[in-house]
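Remarks on the structure that follows.
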Amino acid sequence: MEGTRVCIAFLVFVATLSGTVTAVPTDRTGSTNHLGAASPAPYDEQVGVVASVAVDRTPADLGAVRVTLTFEFGRDLGRLRISTHGEPTVVDRSGIVQGYGEETLYRWDGETPDPSITVEIPTNETNEQFGGLDFVETADWALFEYFATARYYSTETQSWHEMYESGDRFRTRTSFAPDFAVGDTIAFAGAYEHYNASVGGRTVTLIVPNDADLAADPERITGSITHAMRALDVGGDTGDVHAFAAPEPIRGGGLHPGGSDIWASRGSTVDGPGNTWVHEYVHVQQGYTTTPETSWFTEASADYYASLLAYRRGATDFSSFHSSVSLDQDADAVLAESHEEGVGYTKGARVLAALDAEIRERSDDRYSLADVFYLMNSQPERVDYETFRSYVQLVGGAELGSWLDEYVLTSAVPTVPREPALFTTPAPTTLDSDDDGLTDAEEHAARTDPFSNDSDEDGLTDEREVEGLGTDPTAADTDGDGLTDDEELAGRSDPTLVDTDDDGLSDRSEARVGSDPTAADTDGDGLTDETEAHESDTDPTAVDTDDDGLSDGTEFDGATDPQEADTDGDGLDDGAEVNQHGTDPTAVDTDGDGLDDGTEVNQHGTDPTAVDTDGDGVDDPTELDEGTDPVVAETATQTRATDTSTADDSGASTPGFGVAGALVALVACLVVFGRGGR
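Numbering (numbering that gives the first Met the number 0), first residue to last: 0 to 677.
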């Protein structure tokens, strides 16, 4: 019995020395994201630009106002250009640098988020043509032009977008002091009263400063303007109008500086043919641009229609109207060669009055000068004389071209007919000049070209756009996404929506990458097309971009790289690691035994998730080093040549008997035990 105890104790001692063979620790690379340690910054899902405009007086610096513009960007910003009025002084700016060319031009530096610029703009402006002040700031009030605007280039629509334009690409927020009355480009600061009048969904607001003693009743002023809004249908501005009464010391007359804003001096009347308020409103309706040979039309049409509409409204009689448009002043001027604006008020108005009568008479009262005006407004390019002449011929006949040449290209003077019927309001007609299914009146309401069945040349008829699709028949690309309406219909996207499937990727971008603009996730991999295009940089038309057996959505939401078939570079594709081997696709050596997962699977046939594949007590690298088979447990009993040491957890060798020593000890123990039993 004593011998048995000795033998057992001896075996325990031997086992302690020999130990169980374990894996030698190695440097292990933990599970890391192949895409990098830093998480991507949140992506701005918006498009477009938001401009915040703040305007205030500078009490310490009479004669200037301070304007601050701050911009917030969406993802499609390419370039930003800023322009201001007058001779501004830059007070402060961040991310805004001097532009190219004029001193009033600025641009974004291309780097700074939420850039801003603050400028002081002079308020006092003198009119060189008429003399006197157009704008002024006094101690008590200021009527000034605060104009500051910007435009940006969209990388998605590949076009420029302007502040104050319709649509959501460029949104504008304004901030003013409570005592400000503000239009698009004009503002009044000080005590005032305002009067509103509406017609056809549009409103005219008359701002009357307390210091302005009006020569006409405010209601009659707004009434004359709303009459012009209703009567003058020439395809111009359809927005609300801000009309400012200008107190002294501002000069007499009026001004339209831009947008839908006008001012007229406090002494302007509404009786008689010379209604300054209506004259300036006609300027609001002039959306065209001219060349030097047609520049006379601008003041000529404003003066002619101010007189014509006064006659039609009953504010003057025919004789007074006829006299106002038959002036002999500047009669010998050649309109196409004259660069003096005054000629437009005199001979220019006379030529237009005679031309209007000629058009109505030659077209059997189907057309008038207003149709020429309308066509000019529909022209995106500058209207030169040849273009203007072609419009006159279109509505009045080819023979009218030579008539026009005589009175525009020479010093000849036309006679204005004395027939009131040629200047009364034309009777409504059902005329459809282009035979597109829309009457000319309907085309005017839709702002389309009554002489073209496809005004915007997008491949869709005006009638189909107006009555069927709800698209804009005057814009080839209704939603401004860079695809024409016809292209969108061919591609099954909605021509009225920038992003039909609301996936954050514009229809144009989807057409460019080949994804489906009607499906937020074209390939059904769990990632929206926008995420694939802008965040994961994967193919929105392929479920598995890197073809590794894992979908892009699975990889992007997990830790693997959807663009790399083998994220950890261990020789096994990510899909094989996850679906077949159960290994970590982000770790080169899943079990930490010193062998790459790919080496274990592809070369040795060992289990990459187990340190000791065959469970024989010897780790796989050791068996490979010593020539034993790491997948067959029996080979662990083979005698090793010289090594009788074991490795502890730190990798240090420890003296021991090894397996052979243990066998010898066992035999000796049995011998001793046998003797002791005798």
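Note that CB positions come from ideal geometry on N, CA and C, so glycine has one too. Treat the numbers as computed from the prediction; the structure is a model and nothing was measured.
Identity of the residue in the options nearest residue i by Cα
i, options, result
"Asp545", "Thr88, Ala188, Thr566, Thr527", "Thr566"
"Met162", "Thr83, Phe175, Glu292", "Thr83"
"Glu509", "Asp485, Gly525, Asp538, Thr495", "Asp538"
"Ser593", "Val350, Val269, Thr612, Asp619", "Here residue 593 is Gly; the residue named in the question, Ser, does not match the sequence. It is Asp619."
"Asp501", "Arg511, Asp484, Glu486, Thr521", "Thr521"
"Thr268", "Gly222, Glu336, Thr293", "Gly222"
"Thr429", "Arg312, Pro58, Asp364, Ala397", "Asp364"
"Thr111", "Arg92, Gly98, Tyr99, Ala230", "Arg92"
"Gly200", "Thr409, Arg229, Leu482", "Arg229"
"Val324", "Gly347, Ser294, Ala332", "Gly347"
"Gln128", "Val181, Ala59, Gly251, Phe175", "Gly251"
"Ile81", "His160, Gly548, Gly591, Leu549", "His160"
"Asp55", "Asp113, Thr173, Thr275", "Thr173"
"Glu164", "Leu468, Met375, Thr414, Asp236", "Asp236"
"Phe296", "Trp107, Asp216, Gly266, Phe387", "Phe387"
"Val350", "Asp370, His338, Tyr366, Asp329", "Asp329"
"Ala369", "Ala309, Gln285, Asp547", "Gln285"
"Gly182", "Ala242, Ala176, Gly109, Arg170", "Ala242"
"Gly513", "Asp260, Thr540, His338", "Thr540"
"Val118", "Glu124, Asn126, Glu86, Gly130", "Glu86"
"Glu218", "Asp595, Val203, Thr184, Tyr310", "Val203"
"Val415", "Ala215, Asp606, Gln97, Leu326", "Leu326"
"Leu468", "Thr495, His338, Val333, Glu336", "Thr495"
"Gly525", "Gly503, Asp515, Thr517, Gly552", "Gly552"
"Ser264", "Asp210, His282, Asp480", "Asp210"
"Gly266", "Glu534, Asp212, Thr499", "Asp212"
"Asp624", "Asp232, Leu308, His603", "His603"
Status (buried if at least 16 other CB within 10 Å, exposed otherwise) for residue i
i, result
"Ser649", "Residue placement at Ser649 cannot be trusted, given a pLDDT of 44 that sits under 50; the coordinates are not used to answer."
"Ala22", "Low confidence applies here, because Ala22 scores a pLDDT of 34, under 50, leaving its location unreliable; read the following figure in that light. When all chains shown are included, Ala22 counts as buried."
"Glu192", "exposed"
"Ala397", "exposed"
"Ala420", "exposed"
"Val90", "exposed"
"Phe146", "buried"
"Pro561", "buried"
"Leu254", "buried"
"Tyr681", "Lying before the first or after the last residue shown, residue 681 is absent from the chain, which here runs from 0 to 677."
"Thr31", "Summary for Thr31: the model assigns pLDDT 28, below 50, so the residue's position carries little reliability; its value from the coordinates is reported in the next sentence. Its Cβ having fewer than 16 others within 10 Å, Thr31 is exposed."
"Phe320", "buried"
"Ala37", "Per-residue confidence for Ala37 stands at a pLDDT of 29, beneath the threshold of 50, marking its modelled position as unreliable; the derived number appears in the next sentence. Looking at its Cβ environment, which holds fewer than 16 other Cβ atoms inside 10 Å, Ala37 is exposed."
"Pro413", "buried"
"Phe134", "buried"
"Arg417", "exposed"
"Arg507", "buried"
"Asp113", "exposed"
"Thr409", "exposed"
"Asp178", "exposed"
"Phe317", "exposed"
"Glu385", "exposed"
"Asp461", "buried"
"Ser505", "buried"
"Val600", "buried"
"Glu380", "exposed"
Cβ separation of residue i and residue j, assumed to be a contact under 8 Å, to the nearest whole Å
i, j, result
"Ala245", "Val277", "16 Å between Cβ atoms; not a contact."
"Val240", "Tyr287", "The Cβ separation is near 19 Å, so there is no contact."
"Glu155", "Leu61", "Rounded, the Cβ-Cβ distance is 45 Å, inconsistent with contact."
"Gly568", "Val542", "Not a contact, Cβ separation roughly 23 Å."
"Thr559", "Asp536", "Going by Cβ atoms, the distance from Thr559 to Asp536 rounds to 14 Å, so no, they are not a contact pair."
"Glu292", "Asp383", "7 Å"
"Ser629", "Thr598", "First, the residue type needs correcting, since residue 629 is Pro and not Ser in the sequence shown. So it is not a contact: roughly 12 Å between Cβ atoms."
"Ser115", "Thr67", "6 Å"
"Thr148", "Asp260", "In fact, because the Cβ distance is near 13 Å, the residues do not count as touching under 8 Å."
"Asp493", "Glu486", "About 12 Å; that fails the 8 Å criterion."
Cβ of residue i within 7 Å of any chain C Cβ
i, result
"Thr117", "No chain C is present in this structure, which holds just one protein chain."
Is there contact between the stretch 351-363 and the stretch 420-436, where contact requires at least three CB pairs shorter than 8 Å? Because the criterion of three Cβ pairs below 8 Å is met, the stretch 351-363 and the stretch 420-436 touch.
Give a yes or no on contact between the stretch 174-194 and the stretch 131-150, applying the rule of three or more CB pairs nearer than 8 Å. Touching, yes.
Are there three or more Cβ pairs, one per stretch, closer than 8 Å when the stretch 297-307 is compared with the stretch 334-347? Counting C-beta pairs with one atom in each stretch, the stretch 297-307 and the stretch 334-347 have three or more that are closer than 8 Å, which means they touch.
Give, in chain order, every unbroken run of the alpha helix (DSSP H) that is at least 4 residues long and sits entirely within the stretch 196-261. Fully enclosed alpha helix (DSSP H) runs of 4 or longer: 217-230.
Quick one: which unbroken beta strand (DSSP E) runs of 3-plus residues sit fully inside the stretch 543-585? Chain order, please. Unbroken beta strand (DSSP E) stretches of 3 residues or longer found wholly inside the stretch 543-585: none.
Minimum length 3: unbroken beta strand (DSSP E) runs contained in the stretch 359-399: Listed in chain order, there is nothing to give.
State whether the stretch 438-457 contacts the stretch 471-490, with contact taken as three or more CB pairs (one from each stretch) at a distance under 8 Å. Here the stretch 438-457 makes contact with the stretch 471-490; the two share three or more CB pairs at distances below 8 Å.
Beta strand (DSSP E) runs contained entirely in the stretch 122-191, provided each spans 3 or more residues: Runs found: 132-136, 141-144, 147-153, 158-161, 169-175, 179-181, 185-188.
Going residue by residue through the stretch 435-494, where are the continuous alpha helix (DSSP H) segments of at least 4 residues, counting only ones entirely within it? Secondary structure in the stretch 435-494: the alpha helix (DSSP H) runs of 4 residues or longer, each lying completely within the stretch, are 439-445, 484-489 in chain order.
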